[in-house]
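Working notes, beginning with the structure itself.
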C-alpha cells in the first residue's frame, strides 16, 4: 500500500509539472508608480520683487542662489514631484522684443525631442499681464515654458524642469497637474 501511494504521488507530481510547463508566457506591460496628487490650495507670494502671484501650498518658493542669478530670480520647488519652475525677472528698457524672442528661441531649441509645441496666449487687461505659455509635448527636457509682461516695465520668464530623465508617458500626470498651477500663477500674477 505504501508503494502504491508513493507511485501515485510520483505520477501526480509529474502530471502537475508537465501541466505547469504548458502555460503560455505573456509579458506584463510596463507600469508606473501611482502618484497621489494633493488637493489644490494656494498662497500668496510675499517678496520684495515688483510682482506677486499665488503658488501651491505643496510647493516652496526659493531664491535662486546661483552666482549668475539676478535679484528676483526664484524657483518654485515641487519636492514631492522632483520638479522645479525656474522664474527669472528682467526690467524692460526698450528691449521687450529681445526678451520675447529669447523666450521663443529657448523654447524652440527643444524641437529635436518635442513632438509638438503649442502656444497659448494669455491676456489679462485688468491686471496688465500679457504672456504666452508654450506647451511642449514629447520627451523634451522641459515641458512647459512661459512668460508674463506688462509690455512696458517688467518681464518674467518661467520654465518647468524635472530632476528625472524626460519620459512623457511617466511624467504626463504630474505635468498636467503642475500645468494647472502655472495657469493659476499666470491668472493671479500682479505687478506691485
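In the working numbering, the protein residues as written are 217 to 408.
All residues carry an ideal CB built from backbone N, CA and C; glycine is no exception.
- In the structure shown, residue 274 falls within a coil segment according to DSSP collapsed to helix, strand and coil.
- Membership of residue 398 in the alpha helix (DSSP H) is indicated by the continuous run 384-404.
- Contact between the segment 382-394 and the segment 308-318 is absent: fewer than three C-beta pairs spanning the two stretches fall below 8 Å.
- Counting along the chain, no beta strand (DSSP E) covers residue 253, and no H or E run does either.
- In the DSSP assignment, residue 365 falls within the beta strand (DSSP E) that extends over 358-365.
- Residue range 370-378 is occupied by the beta strand (DSSP E) that includes residue 375.
- When DSSP reads this structure, residue 302 sits in a beta bridge with 291 and 375.
- Proximity to residue 253 across 379, 384, 397 and 365 peaks at 397, based on C-alpha coordinates.
- Boundaries of the alpha helix (DSSP H) harbouring residue 316: 312-324, taken from the DSSP string.
- Here residue 326 is not near residue 299, since their CB atoms are 8 Å or more apart.
- Taken atom to atom, the span from the alpha-carbon of residue 377 to that of residue 342 is near 30 Å.
- The three-state reading of DSSP puts residue 337 in strand, counting E and B together.
- Put simply, of 347, 329 and 404 the residue whose alpha carbon is nearest the alpha carbon of residue 353 is 329.
- Note that the C-beta distance between residue 406 and residue 360 is not below 8 Å.
- Under the three-state reduction of DSSP output, residue 261 falls in the coil class, being neither helix nor strand.
- The beta-bridge partner set that DSSP reports for residue 307 consists of 370.
- Using a Cβ distance threshold of 8 Å, residue 323 and residue 350 count as a contacting pair.
- If you ignore the 5 residues before and after residue 294, its C-beta comes within less than 6 Å of the C-beta of 275, all in its own chain and listed in chain order.
- When the alpha-carbon of residue 317 is set against those of 379, 225, 373 and 392, the nearest one is in 373.
- Looking only at 255, 402, 379 and 277, the smallest Cα-Cα distance to residue 364 is reached by 402.
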